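Mapping of the first sequence onto my numbering: residues 193 to 682, in sequence order.
Beta carbons are placed, not taken as given, at the ideal position from N, Cα and C, and that holds for glycine.
Values in this document were obtained by computation on a predicted structure and should not be read as measured data.
Report on the structure given below.
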Amino acid sequence: MAKNLTKRSEDYSKWYNELVINADLAENSGVRGCMVIKPYGFSIWEKMQAELDRMFKETGHQNAYFPLFIPKSYFSKEASHVDGFAKECAVVTHYRLKDDGEGGVVVDPSAKLEEELIVRPTSETIIWDTYRKWIQSYRDLPLLVNQWANVVRWEMRTRLFLRTSEFLWQEGHTAHATKKEAIEETEQMVNVYADFVEEFMAVPVIKGFKTASERFAGAEETYCIEALMQDGKALQAGTSHFLGQNFAKAFDVKFTAKDGKQDYVWATSWGVSTRLMGALIMTHSDDNGLVLPPKLAPNQVVIVPIYRSEEQFDLVSDIANQVMKELRAEGIRVKFDHRDTHKPGWKFNEYELKGVPVRLAIGPRDVENGTLELARRDTLTKEIISRSEVIATVVQLMDEIQSNLYNKAANFRTENTTEVKSYDEFKEVLNSKGGFILAHWDGTSETEEKIKNETKATIRCIPLDAKEEPGSCMITGKPSNKKVLFAKAY
RNA sequence: CGGGGUGUAGCGUAGCCCGGUUAUCGCGCCACGUUUGGGACGUGGAGGCCGCAGGUUCGAAUCCUGCCACCCCGACCA
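Dropping the structure here:
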């Protein structure tokens, strides 16, 4: 267990890495940029999964599962999709190993596959190949399917949670009879993502469209949610794509409409990944460790007993057990850490590192006075409260901490969002404080490219709620009717 | 994939340039005792194919070659 976390302000990457490892969330596996998600980290991911899954089902979706392996030929069917993913695919070429005669194994050259299999980087191709068989009539539509899966993208550079070679995610793939309905679905899902991230993760996001160059490979429109991390860099937290009829045409998925005419179906796909864990960590955590919003914390409250003798422990435990029982009756996740192998001070630090929202300590003094010590993780404040008030206080604190975290993050984003008029001002802001920058852009990829090359900032999105205002592009001076959102991004 | 760096006990490290006793130190771990309201202290103890594979040498953690993994910067990206 680390005693000293690198300070957030000193080296953000190092702080992040140490935090992920020391808070027991995940670690490097030593295998090609893949991580091991540890039980504590996974329990947070499971909570996120459960809420998302509920929201998907409430919006009419069903879960299914498609193969991990995709025949190489599937990829050649949608040209832009290939271009987008070909460079980063893991490819299975053989199906057997054999003894090398020296105690090791080698790939058996005689076991070469006729057609190579691609480990899915995303499942559009295999799913659309399947949908061709499932869809004949308008009565088969809409088809609203989600899958929870792992995918592999052979990224050159990896980072725990933010960009691992293998990651866990969900991918929704839907088919619709009309363009309008597909677009509505795309918008609905970006809203579901935004609601989840804001309500449960307490991370404020900006909804918007991607520019053509940032669009998903094969999509006609990509909607996204963008969050701002504490180091002033943006993180794409989720995407929802309107795929038009591109995949339907590539995989020949047609349906017969009411009027007897045949047409290609309209498609969407949408996904969020374990990257959300990175967003959660980088949005709220501090120099003492992880800070978890109550709605996602595996333990919302931890009770730490303080005692010298066994008699004292018994007295303290009685109260702790009662409090735990009463809190659980209120639906609160409580842990009573009665281990005698660690001292109270050690436990205090441990639970701060792990981000438990509320800590209650009970010692002999409290037994005598009818009190408990309550500490909040978000504000790092402590107070003595009476036994009779503890349940109501904690129940109310769950909401208060949840909204406090959101408000803190929202204020940070407001303070770190700057509107600029000129390119000089843009560069100045980018270098001095970073964050989100709103500026007019002429809408061309050339200008976008130029800005990216010169400053490393990219257009994160064209915000959905951008207000119409006449202006001129900060680079070319050409007319622009709304400001777009720039930032350096992960 | 290009540039730079690192790999020594569970973790963090010294030693490497300039080869030569039993590989250094701190944390952690185990035992016993004293402790317990913010990461306790003392005494004793265990734990190493020095990333892996070759090579040079009487002798390699140290020099050479190859490979693997990780970190940073680029390019790529959820």
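Asked, Found
"Chain-order list of residues whose beta-carbon lies under 7 Å from that of H530 (same chain, five-residue window excluded)", "P497, S509"
"Rounded distance between the beta-carbons of I554 and I511, thought under 8 Å", "6 Å"
"G364 classed as buried or exposed, judged by whether at least 16 other C-beta atoms fall within 10 angstroms", "buried"
"Cβ-based burial, D558 [other Cβ within 10 Å; buried from 16]", "buried"
"Whole-number beta carbon distance between N438 and G463, since they are thought to touch under 8 Å", "Between N438 and G463 the Cβ distance is about 17 Å, and since that is not below 8 Å, they are no contact."
"Nearest-angstrom beta carbon gap, P313 and C281 [assumed within contact, 8 Å]", "6 Å"
"For E641 and W633, believed in contact at Cβ under 8 Å, the rounded distance", "About 12 Å; that fails the 8 Å criterion."
"Nearest to R579 (by Cα), restricted to the options K402, M240, L566, F408", "L566"
"As assigned by DSSP and simplified to three states, the class of I327", "coil"
"Outcome for R605 when other beta-carbon atoms lying within 10 angstroms are tallied against a minimum of 16", "buried"
"Of the listed residues E611, I629, V311, nearest to K279 (C-alpha basis)", "V311"
"A322 versus H368: straight-line alpha-carbon distance, rounded", "Here residue 322 is Thr; the residue named in the question, Ala, does not match the sequence. The straight-line gap from Cα to Cα measures roughly 15 Å."
"Whole runs of the alpha helix (DSSP H) within the stretch 563 to 650, excluding any shorter than 4 residues", "582 to 607, 615 to 624, 637 to 647"
"Extent of the continuous alpha helix (DSSP H) run through Y415", "First-last for Y415: 413 to 420, but that is the beta strand (DSSP E), not the alpha helix (DSSP H)."
"Neighbourhood of A404 by C-beta, 7 Å cutoff - its chain only, sequence neighbours within 5 removed", "S637"
"With 16 other Cβ atoms within 10 Å as the buried cut-off, status of M469", "buried"
"Inter-residue Cα distance where the pair is S201 and S221", "27 Å"
"Cβ-based neighbour list, K539, same chain, cut-off 7 Å, excluding 5 preceding and 5 following", "V496, D529"
"Simplified DSSP assignment, three categories, for E202", "coil"
"Where K517 falls: helix, strand or coil (DSSP)", "helix"
"Member of Q428, V274, M393, S302 whose CA lies at the smallest distance from the CA of H286", "S302"
"Spatial neighbours of L519 in its chain, beta-carbon cut-off 7 Å, leaving aside the 5 residues before and after", "V493, V526, I583, V586"
"Cross-strand partners of N220 (DSSP beta bridge)", "M227"
"Rounded C-alpha distance that separates K613 from K675", "10 Å"
"DSSP state of L260 mapped onto helix, strand, coil", "coil"
"Simplified DSSP assignment, three categories, for A242", "helix"
"Counted within 10 angstroms of its Cβ, other Cβ atoms place R500 as buried (16 or more) or exposed", "exposed"
"Closest residue to I213 among D292, Q241, Y682, L352 (Cα-Cα distance)", "L352"
"Three-pair Cβ contact test at 8 Å for the stretch 480 to 493 versus the stretch 333 to 342", "no"
"Proximity to M666 [Cα-Cα], best of Y266, D616, G252", "D616"
"Alpha-carbon to alpha-carbon, F628 and G276", "26 Å"
"contact_flag[the stretch 381 to 388, the stretch 641 to 652] where n(CB pairs < 8 Å) is 3 or more", "no"
"Pick from S272, Q454, D451, A419 that is closest to F408, judged by C-alpha positions", "S272"
"Sequence-distant residues of its chain with Cβ nearer than 7 Å to L167 (five each side left out)", "What is shown of the chain runs 193 to 682, which leaves residue 167 out entirely."
"Nearest residue (CA-CA) to E238, options K372, P490, R224, G252", "P490"
"Environment of G685 [buried if 16+ CB atoms lie within 10 Å]", "It is not possible to answer for residue 685, since the shown part of the chain is limited to 193 through 682."
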